[in-house]
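Q: Its first residue numbered 7, the sequence shown is counted upward by one per residue in this note's numbering.
Note that the Cβ used here is the ideal one computed from N, Cα and C, for glycine as well.
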Amino acid sequence: MSTGRGRKLELLMGLSSESSRSAESGILSSERPLTSDRKTGDSSERNVSRDSGEDSLAGSSSLGRGRRYMMAMAKESEKKKLSPTAAITPDDSMAETGFTRGTGRGVSTRLAVEAARQYDPKDRGSVEAVTERMKGVTVTEPLRETATKEPLLYRGKAGVITNTACNYLALQWKTTDRIFEYSVNFNPPIDGINLRVKIIHQIEAEIGKIFVFSGFNIYLPRKLDKMTVCKTELSTSTTKETVTVTIKFIKEKPDEELSPFLNQLFNRIMRELKYVRYKRKQFDPTKAKFVPQHKLEIWPGYVTSVDTFEGGLMLNMDVSHRRLSSMTVRELMSDIHNKYPNDFHKQVKAALIGKVVLTRYNYETYTVHEVDFTLSPKDKFLRNGQEIDYVEYYRRSYNITVKDLNQPLLINFKEVRVSGSAKKEERTTCLIPELCYLTGLTDSQLNNMTLKRDLATFTNVTPQHRVEGLRKFVENVQESPAANQILASWGLQLGADALNIEARELGVEMVNFDGHRASAGVEADFTRDATSKRVLHAVPITDWAIVYSERNRNEATIFLTQVTRNANVIGMNVKNPTHIALRNDNTGEFVRRITEAISTNPEFKIIVAIFPTQRGELYASVKKVCCYQLPIPSQVVMAKTLAGSNESKTRSIVMKILLQMNCKVGGSLWSVNIPMAGTMICGVDAYHDPSHKQPSVTAFVASTNKNFTKWFSSAIIQNIREEVSRSLGMALKDALAVYRETNGSLPERIVMFRDGVGDGQLPLCENFEVPQLLSTASEMYPEGEQPKLTYVVTQKRINTRFFRKEGSSFKNPVPGTVVDHTVTRRYMKDFFLISQHVRHGTVTPSHYVIVFDSANLTPDIVQKLAYKLTFMYYNWPGTIRVPACCQYAHKLAYLIGEHVKKEPSKKLQDKLFYL
7 MSTGRGRKLE LLMGLSSESS RSAESGILSS ERPLTSDRKT GDSSERNVSR
57 DSGEDSLAGS SSLGRGRRYM MAMAKESEKK KLSPTAAITP DDSMAETGFT
107 RGTGRGVSTR LAVEAARQYD PKDRGSVEAV TERMKGVTVT EPLRETATKE
157 PLLYRGKAGV ITNTACNYLA LQWKTTDRIF EYSVNFNPPI DGINLRVKII
207 HQIEAEIGKI FVFSGFNIYL PRKLDKMTVC KTELSTSTTK ETVTVTIKFI
257 KEKPDEELSP FLNQLFNRIM RELKYVRYKR KQFDPTKAKF VPQHKLEIWP
307 GYVTSVDTFE GGLMLNMDVS HRRLSSMTVR ELMSDIHNKY PNDFHKQVKA
357 ALIGKVVLTR YNYETYTVHE VDFTLSPKDK FLRNGQEIDY VEYYRRSYNI
407 TVKDLNQPLL INFKEVRVSG SAKKEERTTC LIPELCYLTG LTDSQLNNMT
457 LKRDLATFTN VTPQHRVEGL RKFVENVQES PAANQILASW GLQLGADALN
507 IEARELGVEM VNFDGHRASA GVEADFTRDA TSKRVLHAVP ITDWAIVYSE
557 RNRNEATIFL TQVTRNANVI GMNVKNPTHI ALRNDNTGEF VRRITEAIST
607 NPEFKIIVAI FPTQRGELYA SVKKVCCYQL PIPSQVVMAK TLAGSNESKT
657 RSIVMKILLQ MNCKVGGSLW SVNIPMAGTM ICGVDAYHDP SHKQPSVTAF
707 VASTNKNFTK WFSSAIIQNI REEVSRSLGM ALKDALAVYR ETNGSLPERI
757 VMFRDGVGDG QLPLCENFEV PQLLSTASEM YPEGEQPKLT YVVTQKRINT
807 RFFRKEGSSF KNPVPGTVVD HTVTRRYMKD FFLISQHVRH GTVTPSHYVI
857 VFDSANLTPD IVQKLAYKLT FMYYNWPGTI RVPACCQYAH KLAYLIGEHV
907 KKEPSKKLQD KLFYL
């Protein structure tokens with residue numbers, strides 16, 4: 007007799023001397039209206055068996071969440087008694103708050119186990135006694151309200167109202183009906199998902215032809231009786247038997263839970279419109295635009311997402327592009343062979359492994375994990391139990407003739423779920439290079455400025471073109487009977503045009519320099535003032551060194567000439583440096599001479615190094631010396647940026663370097679008026695190694711003065727791919743100590759801007775980082791004083807776009823535009839802010855989510871503060887996308903994670919040494 011999860015947990019609790027096997031469960035989706043026929047074996051797939059290396063539950067040293075929770079509950083079983091026949095309900099604390107969350111499988115199982123523990127101790131060793139007790143236990147799920155809750159409003163009032171459109175389409179219900187969820191039970195039990203789907207199709211007369219079946223539950227656009235019983239005959243190769251299908255009503259799905267379902271629905275609509283899916287985006291290969299001079303083509307497409315917002319159900323749609331090589335992988339291999347005939351295999355693997363290729367015969371994408379030079383299209387593989395070579399396979403399946411019979415094969419490994427098995431099986435796919443095309447850009451193409459400029463013609467889409475693309479999609483859906491039918495069958499209709507909403511413009515900001523106050527203008531750009539007015543606070547650079555190789559002596563002379571001419575213009579006092587000329591420019595010589603110079607003269611304010619070429623290992627070596635071995639601010643300059651004949655351009659470059667140098671030695675460049683006395687502003691961001699081999703780094707930055715021009719910085723090394731830091735509390739404690747030393751008292755409030763956090767990690771920030779910060783901060787304050795904290799998450803990777811309406815045309819909104827309603831999250835305090843001015847393409851807003859706010863700041867204060875802080879990044883005389891504290895944290899995390907790989911010296915914590 008098979009045992010389910012509940013029975014197995016029961017055995018674990020009742021028989022401590024025995025270990026049970028873990029329950030096997032798999033979620034497979036199969037549904038009629040959303041199914042697309044897919045050919046099997048499209049890319050010459052062959053199975054490869056490998057040792058999984060997985061331990062059994064009894065022999066594993068790691069415990070799952072359920073097992074750990076169960077063991078913890080065992081210790082408290084004597085403290086809390088529960089009647090085995092009582093209905094299980096949420097605890098009192100949940101009841102007081104309304105208890106809107108349903109109990110998941112883990113909570114329900116825990117409560118059932120607690121009830122099962124109430125059996126008589128004398129029956130502890132009897133499985134039959136435990137089973138008998140469990141019969142009386144019922145686990146009931148709290149009923150969810152089908153009515154939609156009222157949205158959480160978080161709206162400001164400051165600014166001038168302006169008419170704006172956005173890339174959202176309203177999704178409306180045509181009828182009062184909604185989508186209903188039912189459980190499906192088969193008697194006798196049917197294990198195979200494919201057989202379950204077959205049976206469901208046989209009872210269409212009772213349930214209708216429009217449905218989605220997940221393998222366990224079924225979703226319908228209409229309501230059936232509370233219980234529907236259907237009987238059908240299932241025929242197999244050996245037997246025939248009657249199967250009874252019992253369908254029980256669970257609930258009417260509220261709009262908040264429809265996002266996954268509706269996204270699947272629109273994926274099917276995109277398939278009907280002949281779009282090709284890649285990751286979360288849909289592309290139209292029939293509208294490809296060619297760039298022949300670079301052997302590339304651009305596929306236009308869309309990225310779509312359905313969700314519930316403050317204004318209801320909406321489809322967010324943004325124009326996207328996909329870059330695809332017009333040359334085959336076989337042609338790329340030929341080019342590599344011509345360049346590297348003696349190192350062909352190594353160079354091919356370096357160019358292809360890790361890249362994504364597209365096969366045009368089925369529009370599928372594959373990651374290249376290996377290049378096998380021992381295989382060729384003449385080799386055979388098993389297909390449907392028979393051997394067939396690759397040449398014959400492609401001729402039969404796709405009417406394609408493989409020309410090169412000696413080319414190697416590309417290998418792709420992928421884990422796939424097999425029906426009837428809980429474990430995934432690794433499947434190997436062999437690909438023919440002459441039938442594959444590279445996606446994306448190669449490393450050399452990424453560094454080709456001409457290529458980037460040519461591609462920008464296609465990819466930098468203006469607001470007007472984005473709105474037109476949105477309207478074109480609506481038109482395509484309306485003209486497609488199949489796409490229209492998909493929406494109509496579920497009682498939905500799509501809005502006719504881009505959604506119109508009201509936005510607010512916060513106005514022009516003033517920027518303060520030493521003895522001068524300038525307007526940033528409508529475009530929020532004050533470059534002219536930043537390079538012609540005295541900086542807010544200049545630190546004299548009287549003792550410093552410049553390091554260069556002999557072949558770059560001319561560039562060093564040009565640099566120093568421009569420094570002498572322009573330092574006084576911006577109020578900086580820069581004396582002649584110590585020259586350190588190197589005989590050669592290898593990494594060891596740079597490191598040795600810099601180390602000698604710092605050791606000889608510890609009073610150096612800064613080290614400036616002129617690099618002959620852009621070399622990662624040289625940059626990393628110098629930064630390691632200057633960040634923690636012999637801590638001192640350092641400035642790296644590329645020789646080619648100083649070698650140009652255009653004196654005006656060279657002056658502009660050197661002026662920006664001078665501004666950076668002033669910041670790195672502890673100076674400030676400008677400020678904006680932020681009337682929030684007694685406030686410390688913090689920024690947090692994390693860096694993750696792309697290869698997933700090196701530890702992640704979280705950077706913490708905090709203001710230390712009332713003008714928010716001085717910053718304390720700290721970097722934390724943590725586990726690989728760890729986004730949420732365990733050491734933020736210690737960083738905050740150090741920052742508070744510096745703030746108290748600088749100002750004579752602790753701040754009244756702390757405002758933290760957290761970057762790099764997605765929607766899925768918001769609860770983790772609220773439940774892990776916020777308590778950590780509050781607990782640590784409270785240790786610094788007098789007893790009884792709770793620090794006030796406002797914790798704001800900043801999200802940059804979003805698909806939301808806004809367009810300023812000017813008559814019948816659409817343009818980019820001006821910097822300082824805020825949207826805090828309709829398209830904001832339904833149950834969150836959030837808003838969108840456009841802080842930048844862009845001259846090409848469409849500006850991208852940033853999304854701000856207020857996760858925690860014990861300071862009770864008004865929406866206007868948070869919105870204005872976020873905007874003002876975008877002016878305070880000293881590497882750019884204008885606004886940036888996120889508050890300056892987040893960008894400082896990003897720069898610090900990247901420097902430490904990518905190059906230094908060790909926490910910097912505490913001697914540099916009061917300086918912006920990472921700019």
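Give the single residue among Val707, Thr250, Ala692 whose Cα lies nearest to the Cα of Ala899.
A: Looking at the Cα atoms, Ala692 is the closest of the given residues.
Q: Within the same chain, show all residues whose beta-carbon is closer than 6 Å to that of Gln451, passing over the 5 residues directly before and after it, in chain order.
A: Closer than 6 Å at Cβ, skipping near neighbours: Leu457.
Q: Take Glu508 and list the residues in its own chain whose beta-carbon comes closer than 6 Å to its own, dropping the five residues that flank it on each side.
A: Hits under 6 Å: Ile167.
Q: Would you call the CB atoms of His843 and Ala544 closer than 8 Å?
A: Contact: no.
Q: How is the alpha helix (DSSP H) around Glu485 delimited, first residue to last?
A: First-last of the alpha helix (DSSP H) with Glu485: 469–485.
Q: May I ask you to report which of helix, strand or coil DSSP gives Val4?
A: Examination of residue 4 is not possible in this model, given that the chain is present from 7 through 921 alone.
Q: Whose CA, out of Ile756, Val569, Val631, lies closest to the CA of Ile659?
A: Per the Cα distances, Val569.
Q: Take Lys293 as the anchor and find which of Met323, Gly766, Leu330, Pro266 has the nearest alpha-carbon.
A: Out of Met323, Gly766, Leu330, Pro266, Leu330 has the C-alpha closest to the C-alpha of Lys293.
Q: Return yes when the Cβ of Leu512 is within less than 8 Å of the Cβ of Val868, no when it is not.
A: Their beta carbons are not under 8 Å apart, which means Val868 does not touch Leu512 by this criterion.
Q: Going straight from the alpha carbon of Glu904 to that of Pro157, what length do you get?
A: Roughly 42 Å between the two C-alpha positions.
Q: Looking only at its chain, what residues have a beta carbon closer than 7 Å to the beta carbon of Glu419, apart from the 5 residues adjacent to it on each side?
A: Strictly speaking, residue 419 in this sequence is Phe, with Glu absent from that position. Closer than 7 Å at Cβ, skipping near neighbours: His375, Glu432, Thr434.
Q: Quick check: the Cα distance between Tyr225 and Lys254, rounded to an integer number of angstroms?
A: Using only the alpha carbons, I get a separation of about 11 Å.
Q: So what does DSSP say about Pro865, is it helix, strand or coil?
A: Helix at Pro865.
Q: State the DSSP-derived secondary structure class of Thr1, mapped to helix, strand or coil.
A: Any answer about residue 1 is impossible in this case: the structure gives the chain only from 7 up to 921.
Q: Assuming Arg571 is part of the beta strand (DSSP E), what are its boundary residues?
A: Taken as a continuous stretch (DSSP letters only), Arg571 belongs to no beta strand (DSSP E), being part of the alpha helix (DSSP H) at 559–572.
Q: Please report the Cβ distance between Asp761 and His853, rounded to the nearest whole angstrom; I am assuming they are in contact, meaning their Cβ atoms lie under 8 Å.
A: Not a contact, Cβ separation roughly 11 Å.
Q: Going along the chain, which residues of its own chain have a beta-carbon closer than 8 Å to the beta-carbon of Leu779, five neighbours each way excluded?
A: Correct list, in chain order: Leu734, Gly735, Leu738, Ile756, Met758, Leu795, Tyr797.
Q: Quick check on DSSP: helix, strand or coil for Leu411?
A: If DSSP states are grouped into helix, strand and coil, Leu411 belongs with coil.
Q: Give me the residue from Thr533, Thr685, Lys229 with the minimum Cα distance to Thr885.
A: Per the Cα distances, Thr533.
Q: When the Cα atoms are used, what is the spatial distance from Trp882 to Tyr284?
A: Between Trp882 and Tyr284, the C-alpha separation is close to 36 Å.
Q: Please state whether DSSP places Leu437 in a helix, a strand or coil.
A: In the structure shown, Leu437 sits in a strand (DSSP, three-state: E or B).
Q: Bridge partners of Ser640, per DSSP?
A: According to DSSP, Ser640 bridges with Ile613.
Q: By the 10 Å Cβ neighbour count, where 16 or more other Cβ atoms means buried, how is Thr800 classified, buried or exposed?
A: Flag for Thr800 reads buried.
Q: Excluding the 5 residues preceding and the 5 following Leu921 in the sequence, name in chain order all residues of the same chain whose CB lies nearer than 7 Å to its CB.
A: The residues are Gln666, Cys669, Lys670, Tyr880, Asn881, Lys897.
Q: Confirm, please, whether the CB-CB distance from Gly527 to Val514 is below 8 Å.
A: Going by C-beta atoms, Val514 is nearer than 8 Å to Gly527.
Q: Looking at the structure shown, is His694 part of a helix, part of a strand, or coil, going by DSSP?
A: Of the three classes helix, strand and coil, the one that applies to His694 here is coil, per DSSP.
Q: Does DSSP put Ala294 in a helix, a strand or coil?
A: If DSSP states are grouped into helix, strand and coil, Ala294 belongs with coil.
Q: Using CA coordinates, which residue listed in Val422, Ala176, Pro383 is at the minimum distance from Leu441?
A: Closest option to Leu441, Cα to Cα, is Pro383.
Q: Could you spell out the range, first to last residue, of the beta strand (DSSP E) harbouring Phe718?
A: Taken as a continuous stretch (DSSP letters only), the beta strand (DSSP E) holding Phe718 covers 717–724.
Q: Could you pull the start and end residues of the alpha helix (DSSP H) that Lys913 belongs to?
A: Where Lys913 is concerned, there is no enclosing alpha helix (DSSP H), given that its DSSP letter is neither H nor E.
Q: Can you list, in chain order, the residues of its chain with a C-beta nearer than 7 Å to that of Lys301? Leave out the 5 residues immediately preceding and following it.
A: Result list for Lys301: Ser331, Ser332, Met333, in chain order.
Q: From the DSSP output, read off the bridge partner residues of Asp761.
A: Asp761 pairs with Thr800.
Q: Pick helix, strand or coil for Lys229, following the three-state DSSP scheme.
A: Here Lys229 sits in coil by DSSP.
Q: Can you tell me which of the three DSSP states Lys87 falls into?
A: Caution applies to Lys87, whose pLDDT of 35 falls short of 50 and renders its modelled position unreliable; the model cannot decide the point.
Q: Would you mind working out which of Leu914, Asp836, Ala890, Asp916 sits nearest Glu316, comparing C-alpha positions?
A: It is Asp836 whose Cα lies nearest to the Cα of Glu316.
Q: Keeping to the same chain, check which residues put their C-beta closer than 6 Å to that of Ser311; ignore five residues upstream and five downstream.
A: Counting only Cβ-Cβ distances below 6 Å, and skipping sequence neighbours, we find Asn322.
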